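Before any comments, here is the structure.
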Amino acid sequence: MGAVVAARSGHAVETDPPARSGVFAPVAWAASPGFAFPDTFDPAWWAIDVEPGADGDLVVDYVIEYTNMSNLDSDWPERPGALYGRDAAFGWPIFPTGSSPLLPGKDDPNRYHHLLQLSDEHEWRIGGDGGWMHWSIPTDALRTGDFSRAIPTPDIW
Numbered sequence: 001m002g003a004v005v006a007a008r009s010g011h012a013v014e015t016d017p018p019a020r021s022g023v024f025a026p027v028a029w030a031a032s033p034g035f036a037f038p039d040t041f042d043p044a045w046w047a048i049d050v051e052p053g054a055d056g057d058l059v060v061d062y063v064i065e066y067t068n069m070s071n072l073d074s075d076w077p078e079r080p081g082a083l084y085g086r087d088a089a090f091g092w093p094i095f096p097t098g099s100s101p102l103l104p105g106k107d108d109p110n111r112y113h114h115l116l117q118l119s120d121e122h123e124w125r126i127g128g129d130g131g132w133m134h135w136s137i138p139t140d141a142l143r144t145g146d147f148s149r150a151i152p153t154p155d156i157w
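The letter at position 136 of the sequence shown is residue 136 when you use my numbering, and the numbering goes up by one with no holes.
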């Protein structure tokens, strides 16, 4: 499904695809700053430390509801400075199919960090419901810069 190769832009070179590979039209991707909220069911929400005396569950429920992508205006992703991105590095990924990353075997998902998310750009779709491509990396590999251990973790339904 792919691999992540760390390369400085000044040293990166384009190469021909392997024989018998499907080739898609090039799509320009550029990084831009942004923010990603955790998925509605992410346990990170329940680690929020609200002010003393506040109803923690009520506050967390409100924040989850407010940040739920389905409650945002349909043009939200196109707005300047929107807190949402279809293509993202690091942060919390978006799972449009309602799925979650597929990790190999019985690997503990808490040992991985989200590395890269590429949205369904027309012919790039993965799976039957417009799944997006994700790559994850073990936390220790990310800390040491060992991108050879990054693995594809697709969101397919």
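For each residue, glycine too, the CB sits at the ideal point set by N, CA and C. Fair warning: this is a prediction, and the values are worked out from it, not measured in the lab.
Item	Value
For the alpha helix (DSSP H) that contains Leu103, what are its first and last residues?	From DSSP, Leu103 is part of no alpha helix (DSSP H); its letter is neither H nor E.
Can you check DSSP and say which residues form a bridge with Ile151?	Ser136
How is the beta strand (DSSP E) around His114 delimited, first residue to last?	Tyr112 to Leu118
Could you say which of Thr144, Ile137 and Ala19 lies nearest to Ser151 if we only look at CA atoms?	For the sequence presented, residue 151 should be read as Ile rather than Ser. If we check each option's Cα against that of Ile151, Ile137 comes out closest.
Whose C-beta lies closer than 7 Å to the C-beta of Pro104 among residues of the same chain, with five residues either side of it excluded?	Ile151
Please work out which residues of its chain come closer than 7 Å, Cβ to Cβ, to Arg111, disregarding the five sequence neighbours upstream and downstream, and give them in chain order.	Pro138 and Thr139
When burial is assigned at 16 or more other CB atoms within 10 Å of the CB, is Pro17 buried or exposed?	exposed
Do you know offhand how far Arg143's Cα is from His11's?	22 Å
With DSSP collapsed to three states, give me the class of Ala141.	helix
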